[in-house]
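Structure record follows, encoded as structure tokens.
In the numbering used here, the protein residues as written are 106 to 651.
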């Protein structure tokens, strides 16, 4: 099979997948091996979300990556085993601190300690802060078309869905304590219990010493921190919740979760929760630990801090597919998740898509777009790059789509917003990105005397080019003009064996002419922008620096 035949049988596709070392297939193979030991009719994939702050891209990434593993599993099993993806929200957790990026902070301050589904919504749009954040997450996952089921911790606790597992936890409390206590500081270990009562009087999640566990009665007892009276409550029906590591383990046991990934910072927690799940009589899920996302300062992104990128921000500047590509690539490598990574991911997505149809079948299963699109990448049809669009906006100071489409239409006759709606969307992304990030930082530098001479020669060479010159012809002229000191590259030889041209030449063009550090292939830019427009731009730069 040279390329993947759309009519290929599930067994043919499975045979190819079994040979692939793409990370979703590697993960899915571990689930297949798990089923050989413990066969079952349905495989449950789970993702977790802590709605103490607004959802960020890291939250989305976990769902996107898990979806990729789920699809890989379906290919490896020829879709003969039912699968489900459960997006679980820990919305019964108590609100510990007020996030930095929300309004009406005083309202949240007054409700610290209460379950997130009992904290009023500071945005005033939902029944609670937890409900608001859950809705934001679901709206985004729905926008991407993820196939998932949403689950609320509050609903599972209060409806009784977790009752049997909670009673099992109480029955095996000594085993659970033996696992947890060595991981705790001495002071905390002295009063630790996996169970956290919900105060009947205030509705807050209480972190208090539990004075008695009664497995037969299904209750725990504690001393009310204000009245000092002894209170006994059942562990079922939403009267208690579990501390988060036992809670995670209980959920794996109660729902028979087969796969869940987690961040690198939770490696020890995964191990502890896995031991507790086994102590309850369950089998911990398969999974792997992905690296964390970092902001522009190299710090871990956080829902409560609101650093890094939000979901809505990425989609203001780039397509959903580019975000999915960012999530697919190198999940075990720490990556900066900030605005400057967007243009590269937009263009590299197109490069992967362009190359897909030219690859052999085995290579296609390694291509990120196969996983981004669940095995059905669309046809590639993007006449210009995002970086080129950004440079066009910058060079013309165009802040409207019509101006950009004028350039595009001349460069690619017949290409219109109607024939290329995805390109039309990318035009809008480029304008937004330029307006917010490029324009405020534009800073033209003065050329040196040697650079002025090179620019004058480039201007004259472009002015003498024939109308309709190709991007390749223009690039050759730009390259030949730059073949001089200080731009010679003695290591990188040209096709004729003479010294090559360093990137410093091309970077200088963008720094002097456009006030930006880098840009797309200069010949392609001039071909779209227009040779006469480029000549005028050089004239302006020379006049500005004279």
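Virtual Cβ for every residue (Gly too), placed ideally from N, Cα, C. This structure is a prediction, so every number in the text was calculated from the model and none was measured.
Go ahead and pull the three-state DSSP assignment for residue i.
{"i": "residue 106", "result": "Low confidence applies to residue 106: its pLDDT is 42, below 50, so where it sits in the model is not reliable enough to give any reading."}
{"i": "residue 338", "result": "strand"}
{"i": "residue 543", "result": "helix"}
{"i": "residue 122", "result": "helix"}
{"i": "residue 176", "result": "helix"}
{"i": "residue 317", "result": "strand"}
{"i": "residue 594", "result": "strand"}
{"i": "residue 485", "result": "coil"}
{"i": "residue 165", "result": "helix"}
{"i": "residue 327", "result": "strand"}
{"i": "residue 513", "result": "helix"}
{"i": "residue 58", "result": "Given a span of 106 to 651 for the chain in the structure shown, any question on residue 58 remains unanswerable."}
{"i": "residue 392", "result": "coil"}
{"i": "residue 147", "result": "strand"}
{"i": "residue 257", "result": "strand"}
{"i": "residue 606", "result": "strand"}
{"i": "residue 93", "result": "Because the chain in this structure spans residues 106 to 651, residue 93 falls outside the shown range and cannot be described."}
{"i": "residue 140", "result": "helix"}
{"i": "residue 382", "result": "helix"}
{"i": "residue 354", "result": "helix"}
{"i": "residue 333", "result": "coil"}
{"i": "residue 480", "result": "coil"}
Short check: CB of residue i to CB of residue j, under 8 Å?
{"i": "residue 619", "j": "residue 499", "result": "yes"}
{"i": "residue 258", "j": "residue 194", "result": "yes"}
{"i": "residue 228", "j": "residue 204", "result": "no"}
{"i": "residue 241", "j": "residue 160", "result": "yes"}
{"i": "residue 625", "j": "residue 493", "result": "yes"}
{"i": "residue 556", "j": "residue 617", "result": "yes"}
{"i": "residue 439", "j": "residue 396", "result": "yes"}
{"i": "residue 168", "j": "residue 255", "result": "no"}
{"i": "residue 152", "j": "residue 465", "result": "no"}
{"i": "residue 116", "j": "residue 183", "result": "yes"}
{"i": "residue 534", "j": "residue 615", "result": "no"}
{"i": "residue 246", "j": "residue 224", "result": "no"}
{"i": "residue 345", "j": "residue 381", "result": "no"}
{"i": "residue 477", "j": "residue 551", "result": "no"}
{"i": "residue 495", "j": "residue 532", "result": "no"}
{"i": "residue 276", "j": "residue 322", "result": "no"}
{"i": "residue 473", "j": "residue 434", "result": "yes"}
{"i": "residue 363", "j": "residue 149", "result": "yes"}
Using the C-alpha atoms, what's the distance from residue j back to residue i?
{"i": "residue 226", "j": "residue 234", "result": "4 Å"}
{"i": "residue 147", "j": "residue 385", "result": "21 Å"}
{"i": "residue 128", "j": "residue 359", "result": "28 Å"}
{"i": "residue 588", "j": "residue 172", "result": "50 Å"}
{"i": "residue 286", "j": "residue 122", "result": "43 Å"}
{"i": "residue 348", "j": "residue 131", "result": "32 Å"}
{"i": "residue 181", "j": "residue 388", "result": "22 Å"}
{"i": "residue 596", "j": "residue 521", "result": "43 Å"}
{"i": "residue 639", "j": "residue 512", "result": "13 Å"}
{"i": "residue 515", "j": "residue 191", "result": "49 Å"}
{"i": "residue 584", "j": "residue 462", "result": "31 Å"}
{"i": "residue 612", "j": "residue 497", "result": "16 Å"}
{"i": "residue 373", "j": "residue 185", "result": "34 Å"}
{"i": "residue 605", "j": "residue 580", "result": "14 Å"}
{"i": "residue 602", "j": "residue 642", "result": "32 Å"}
{"i": "residue 519", "j": "residue 488", "result": "11 Å"}
{"i": "residue 490", "j": "residue 237", "result": "37 Å"}
{"i": "residue 271", "j": "residue 261", "result": "11 Å"}
{"i": "residue 118", "j": "residue 467", "result": "10 Å"}
{"i": "residue 415", "j": "residue 599", "result": "45 Å"}
{"i": "residue 506", "j": "residue 536", "result": "8 Å"}
{"i": "residue 483", "j": "residue 637", "result": "37 Å"}
{"i": "residue 231", "j": "residue 404", "result": "32 Å"}
With a 10 Å radius around its C-beta and 16 neighbouring C-beta atoms as the bar for buried, classify residue i as buried or exposed.
{"i": "residue 350", "result": "buried"}
{"i": "residue 391", "result": "buried"}
{"i": "residue 163", "result": "buried"}
{"i": "residue 645", "result": "exposed"}
{"i": "residue 196", "result": "buried"}
{"i": "residue 179", "result": "buried"}
{"i": "residue 621", "result": "buried"}
{"i": "residue 283", "result": "exposed"}
{"i": "residue 503", "result": "buried"}
{"i": "residue 324", "result": "buried"}
Quick one: is the Cβ of residue i within less than 7 Å of any heavy atom of the ligand NAD?
{"i": "residue 146", "result": "Among the components modelled here there is no ligand, and therefore nothing to report on the ligand NAD."}
Say whether chain B places a C-beta atom closer than 8 Å to the C-beta of residue i.
{"i": "residue 553", "result": "No chain B appears in the structure shown, which is made up of a single protein chain."}
**Prompt:** Per the contact definition of three or more C-beta pairs closer than 8 Å, is the segment 265-277 in contact with the segment 353-370?
**Reply:** In short, these stretches touch, since the Cβ pair count reaches three.
**Prompt:** Quick one: any contact between the segment 240-255 and the segment 306-315, if contact means 3 or more CB pairs under 8 Å?
**Reply:** no
**Three CB pairs or more closer than 8 Å across the segment 422-432 and the segment 454-472** = yes
**Message:** I'd like to know if the segment 560-570 and the segment 440-447 are in contact, where contact means that at least 3 CB-CB pairs between them fall below 8 Å.
**Reply:** They do not touch, by the three-pair rule.
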